[in-house]
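Here is the structure we will look at.
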């Protein structure tokens, strides 16, 4: 082999290494200035070592620290973990910079790489020795010698440095470019196949071991990456349509979804987490794969056949996969060559890698022509953060490869997938804000699909800010003429962050009156520093001064001709409910208006059937929204169930009652993620399926809302829970949606074999419940104690006749049966639990019910189902429609008159609603006493021609109320009797409500003070009379008007359902049980089992509470079974109120007591001797005769109402005291004594 010269002036020497100088000089002299081939390796080693030493730290402390760090065990692994952390953070900041400011990836890469290069160049000159050429020959030393060529790397490693920089840059460029063609999860998965390539290449290039252990490690790592990344080619995406046909029936041949590219926004909000603004530059993508950007400035509608689109998809996906694969191979080789750079300092490697990135970035930007210099400070902050993370990532990975095997580093580096997913998971659940252009708002469904493609649905809530100048109402909001028919007062109880809200309905009011009330001192917004300060005041004073909420006002303030985001007509797939079934659900597929004031609240809930919703704030103060991301919905439900266990046991879907409030502090305490955002005037809020949300109004405002649906909702709808304890809960049949959008799954779904991931928790895979399974499951949830009783024979059919009848009179949904499509018509952010839950037929009659009347099943009585939803204080905005159905069903129950039914149990066992019973009789027997009616009607001439046995029945053609002509006071009616209308319907006041009780349903009549009252309540409440004339009838409540406004007597049954505090807000007038001091409303008492009965056919009605009725019935039964007691019999008798004692019967008297009703409607039992104008020993007066009596030493006039026979015993006790007692207070010594009597007897004996 030949020899070659090595000039001495090109050998880099370290002056501190004397031994090395001598050894090298000796070698050169012995070879006469030439190096032979045998000494090449030693010479190269000496040269590189000498060169390396010229880059040692100048600072001795840093030098010693570096040597100590190299001696730490597993320092390479620690450096790799540091690289993983900064790589993941770099990806997060990179994504934010792209989405917020539309900075091109190459531009960000170029700027950050340039800054990194300058920083590490500075580090080289600050912390490393200057790279001088040192020799022992001073004459050969040139002070001006150019030393910079050594910055190009250490001799012998320059090729490896070049390969590392070029391949690393290619890998980065390919990886970023693959984002445009395939999803991030797919690109990341393919990118981390590099762990396998690195293990193979390291074995061949740097002789690292590659045995079974390394193979297992690499394959296991790659498998973990696949499971975490979940690429779409292995796992079906749950956020995109599974097939082309699932997007739109009009695009079943082809479809292209539109996604704007983001551009920066100059507006910000202190509560906005992420602000996105799409411009007119669109990207097209299909299914879950990205398609290259279109250069057109408008939406591209493809007319290509489906085969062409599928082929284009395949090409783009293939190209994206190839790019990712090239990135994986490039980074693998790059890391191997980085491993070989053991002599080159890490800052030098990073410097050249950054310079290569800058060169590639500039070339790419010039080629693409998309350069845009960032001007905003926030953008530069993100770029500096990207620079910091990039530099530290490169520093740590370079040091790691110098200290550790490449295979081990690759395995640890796969943790990037885990950490990135964790970071992105937290980021993806934030509330995003979008700013569309005007033309992008014309297709509402497409735009919602776009924002979901950005991951907005993971946050559960999104804000959309229309472009400046857009308005949904061109005429403005100055002249609004709207009646708020059912405003509600929101009473909140609770403490320490957990509350319940009850809605109390108020009288209807005009919009201007509500606005004046909202701005009054009592309800106005307090002074506050910022939104955080107002929020603290809200939660601090939540239970004080209940606000009024004008919610669920049917209508819209949006112009009909508005083309963008018109809430009147969103054209979503939910419109199929109206198209297929002809049913409009108020507030669900029709708009509702909401008039709020400070503190008016909507409690935690998801939308009906887990639908989407849209809410637009027309004008006024902002709203604060809280939202739990859908993936944490199950966790939130568990928390609510633990706090409201009783409600959960009664109804597993109690959160749909919208009565539950849990403060953010409680959510933080139990680590439940939630987001908060403020909706300003002129902004849209979108809620996504299964997103629990709540919030409050900052002051007077007006919002408009409705529900809508996209194909992604169908899986939620198939699994949505339902509330069965409220008759107004919404139920939407999923039949038409599954059949139309998922025809391949329809049969399996009906069979309960539609297996797939639960959209509420994708980790759970199982079959979606079939519609039949869901019905059975709902029935199981609805079981109560009363259902264990023996059911009476009752019958229920589909009520087809009733449905037809209702559809002809009012345009409402048919009565719901198991085959019906939907249940009721309620929606939106406000409506919560009614305060009369105790009046549900399920729970009102318990095992200890005083009346012990036979019950019918909840499922078997449509009347019972409606009895609850027709309450006045209900969350049902269409209570009038339900009231009509309730009245209609009540008319089939004998005696058919809604007034006479007060004497019948509220729930009938013989309520056989069949087609035969739909024929209403023309007459029926009156249970109401004519004498009693004469006493209550001031002019009762219309009763003179009424038969005692029966009278005519009339039914209102509008509200379906059925009454006797005599009971209602009808004197004459000309025209078709089938067109008769009650007083309430003649006034066309569908919102009329009784001022004497809190319940709906039953005949109403105008009062003298222009209010409404039930005729039934008016006939029973004392001191209330009915003014009758030829032209009108009015109820006179003047004698109780003062008590009606100031009396704080609380209804027993209202108090049982809520609290004394809440029941004090309930309007009405309470009557007392005639046997005890219990008070109740007439209608509440009737539905709770209070017995109303005429007192032996007299002109009085006794109201007996269930407890007293049971006790009296037992006493009456015992009296009938007990024989009369003979004189001188030893007995146990009532000595006083608290004592029983032994005594003897010494006298027995019998007399007739006469019932007399006085002018003030009170009735008393009068002895025969006290009747002045009639000799009762000869004959008794006729019922209805006017008589004079002595009562309480006064001579009074009254009407005779009958008589009864009474026996009185005189008992002589051991202390010689005498007491007159009735038979029910006396027991024979051989009789079994009741327990209470035994206790009182023992007390007296002791």
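In the UniProt record's numbering, the protein residues as written are 1 to 1246.
Glycine included, each C-beta is placed from N, C-alpha and C at the ideal position.
* To do: Taking the CB atoms as reference points, tell me whether residue 1251 and residue 593 lie closer together than 7 angstroms.
  => With the chain covering only 1 through 1246, there is no way to say anything about residue 1251.
* What is the residue span of the beta strand (DSSP E) that residue 1104 lies within? -> Taking the first residue of the chain shown as 1, we reach residue 1104 at position 1104. First-last of the beta strand (DSSP E) with residue 1104: 1101-1104.
* To do: From the DSSP output, read off the bridge partner residues of residue 592.
  => As a first step, residue 592 must be located in the chain shown, where it is residue number 592. Answer is 554 and 705, bridged to residue 592.
* Alpha-carbon spacing of residue 155 relative to residue 451, whole angstroms -> Residue mapping note: residue 155 aligns to position 155 of the chain shown, counting from 1. Residue mapping note: residue 451 aligns to position 451 of the chain shown, counting from 1. If you take the alpha carbons of residue 155 and residue 451, they lie about 54 angstroms apart.
* Asked: Can you give the Cα-Cα distance for residue 1226 and residue 1134, rounded to whole angstroms?
  -> As a first step, residue 1226 must be located in the chain shown, where it is residue number 1226. As a first step, residue 1134 must be located in the chain shown, where it is residue number 1134. Cα to Cα, residue 1226 sits roughly 7 angstroms from residue 1134.
* Asked: Closest by CA to residue 170, which one among 91, 341, 82 and 354?
  -> In the chain shown, residue 170 corresponds to position 170, counting from 1. With distances taken between Cα atoms, residue 170 lies closest to 354.
* Look at the alpha carbon of residue 749 and the alpha carbon of residue 320, and state the distance between them as a whole number of angstroms. => Along the chain shown, read from residue 1 onward, the residue named residue 749 stands at position 749. Along the chain shown, read from residue 1 onward, the residue named residue 320 stands at position 320. Cα to Cα, the separation comes out at about 36 angstroms.
* Do residue 700 and residue 518 come within 7 angstroms of each other at the CB atom, strictly closer than that value? -> Residue 518 sits at position 518 when you count from the first residue of the chain shown. Residue 700 sits at position 700 when you count from the first residue of the chain shown. Yes. Within cutoff.
* Asked: Who are residue 1141's beta bridge partners in DSSP?
  -> Translated into the one-based positions of the chain shown, residue 1141 becomes position 1141. Bridge partners of residue 1141: 1133.
* May I ask which residues mark the beginning and end of the alpha helix (DSSP H) holding residue 445? => Indexing the chain shown from 1 puts residue 445 at position 445. Note, residue 445: alpha helix (DSSP H), 444-453.
* To do: With DSSP as the reference, label residue 657 as helix, strand or coil.
  => Here residue 657 is taken as the residue at index 657 of the chain shown, counted from 1. In the structure shown, residue 657 sits in a helix (DSSP, three-state: H, G or I).
* To do: With DSSP as the reference, please indicate the residues paired to residue 490 in a beta bridge.
  => Within the chain shown, residue 490 is the residue found at index 490, counting from 1. Bridge partners of residue 490: 503.
* Hey, residue 1086 and residue 1070 are a contact pair by Cβ (cut 8 angstroms); roughly how many whole angstroms apart? -> Position 1086 of the chain shown holds residue 1086. Position 1070 of the chain shown holds residue 1070. Between residue 1070 and residue 1086 the Cβ distance is about 13 angstroms, and since that is not below 8 angstroms, they are no contact.
* **Euclidean distance between Cα positions of residue 566 and residue 435** => In the chain shown, the residue the question calls residue 566 occupies position 566. In the chain shown, the residue the question calls residue 435 occupies position 435. The alpha-carbon atoms of residue 566 and residue 435 are separated by roughly 17 angstroms.
* Start-end ranges of the alpha helix (DSSP H) lying completely within the region 994-1022, minimum 4 residues -> 1015-1020
* Across which residues does DSSP place residue 1218 in a beta bridge pair? -> Taking the first residue of the chain shown as position 1, residue 1218 is located at position 1218. Beta-bridge pairing links residue 1218 to 1212.
* To do: Please classify residue 1153: does DSSP put it in a helix, a strand, or coil?
  => Here residue 1153 refers to the residue found at position 1153 when the chain shown is read from its first residue. In this structure, residue 1153 counts as strand in the three-state DSSP scheme.
* Compute every distance between the C-beta of residue 432 and the non-hydrogen atoms of the ligand GTP, then say whether any falls below 6 angstroms. => Ligands displayed in this structure: none; no statement on the ligand GTP is therefore possible.
* Cα-Cα separation, residue 1173 to residue 1179 -> Stepping through the chain shown from its first residue, residue 1173 is reached at position 1173. Stepping through the chain shown from its first residue, residue 1179 is reached at position 1179. Spanning the two alpha carbons is a distance of roughly 12 angstroms.
* Quick one: what's got a C-beta closer than 6 angstroms to residue 573's C-beta in the same chain, skipping five residues either side? -> Here residue 573 refers to the residue found at position 573 of the chain shown. Excluding positions up to five away in sequence, the list reads 709.
* Report the three-state DSSP secondary structure of residue 511 (helix, strand or coil). => As a first step, residue 511 is located in the chain shown; it is residue number 511 there, counting from the start. Correct three-state label for residue 511: helix.
* Less than 7 angstroms separating the beta-carbons of residue 626 and residue 694? -> Taking the chain shown and counting its residues from 1, the one referred to as residue 626 is at position 626. Taking the chain shown and counting its residues from 1, the one referred to as residue 694 is at position 694. Closer than 7 angstroms, so yes.
* By how many angstroms is the C-alpha of residue 595 removed from the C-alpha of residue 500? -> Taking the first residue of the chain shown as position 1, residue 500 is located at position 500. Taking the first residue of the chain shown as position 1, residue 595 is located at position 595. Using only the alpha carbons, I get a separation of about 21 angstroms.
* **Close-in-space but distant-in-sequence residues of the same chain around residue 535 (CB under 7 angstroms, 5 per side omitted)** => Locating residue 535 in the chain shown gives position 535, counting from the first residue. For residue 535, where only same-chain residues beyond five positions count, the Cβ hits under 7 angstroms are 624.
* **Secondary structure of residue 481, DSSP reduced to three states** => Position 481 of the chain shown, counted from the first residue, corresponds to residue 481. In this structure, residue 481 counts as coil in the three-state DSSP scheme.
* Does the separation of the CB atoms of residue 1093 and residue 1102 fall below 7 angstroms? -> Taking the first residue of the chain shown as position 1, residue 1093 is located at position 1093. Taking the first residue of the chain shown as position 1, residue 1102 is located at position 1102. Yes, these two residues count as a Cβ contact at 7 angstroms.
* Distance CB(residue 1004)-CB(residue 1012) smaller than 7 angstroms -> What you label residue 1004 is simply residue 1004 of the chain shown in a count that begins at 1. What you label residue 1012 is simply residue 1012 of the chain shown in a count that begins at 1. Yes, they are a contact pair.
* For residue 509, count neighbouring Cβ atoms within 10 angstroms of its own Cβ and tell me buried if that reaches 16, exposed if not. => Translated into positions along the chain shown, residue 509 becomes position 509. So residue 509 counts as buried.
* **Between the CA atoms of residue 433 and residue 378 - distance to the nearest angstrom** => Here residue 378 refers to the residue found at position 378 of the chain shown. Here residue 433 refers to the residue found at position 433 of the chain shown. C-alpha separation (whole angstroms): 17 angstroms.
* Output the distance between the C-alpha atoms of residue 1243 and residue 1139, rounded to the nearest integer angstrom. => In the chain shown, the residue the question calls residue 1243 occupies position 1243. In the chain shown, the residue the question calls residue 1139 occupies position 1139. Those two C-alpha atoms are separated by around 7 angstroms.
* Taking DSSP as the reference, what is the three-state secondary structure of residue 1245? -> As a working note, residue 1245 is residue 1245 in the chain shown. Residue 1245 falls in the helix class under three-state DSSP.
* Count the other CB atoms, across all protein chains shown, that sit within 10 Å of the CB of residue 649; report buried if there are 16 or more and exposed otherwise. => Within the chain shown, the letter at position 649 stands for residue 649. Exposed: under 16 other Cβ atoms inside 10 Å.
* Asked: For residue 1136, does the count of other Cβ atoms within 10 angstroms reach 16, so buried, or fall short, so exposed?
  -> Working through the chain shown from its first residue, we reach residue 1136 at position 1136. Answer is exposed; the Cβ neighbour count stays below 16.
* Counting pairs of Cβ atoms below 8 angstroms between the region 157-164 and the region 344-352, do you hit three or more? -> yes
* Within the chosen definition, does the region 546-564 reach the region 436-447 through at least 3 CB pairs nearer than 8 angstroms? -> yes
* Asked: Can you tell me whether residue 553 is buried or exposed, with buried defined as 16 or more other CB within 10 angstroms of its CB?
  -> Walking along the chain shown from the start, residue 553 turns up at place 553. Per the 10 Å Cβ criterion, buried.
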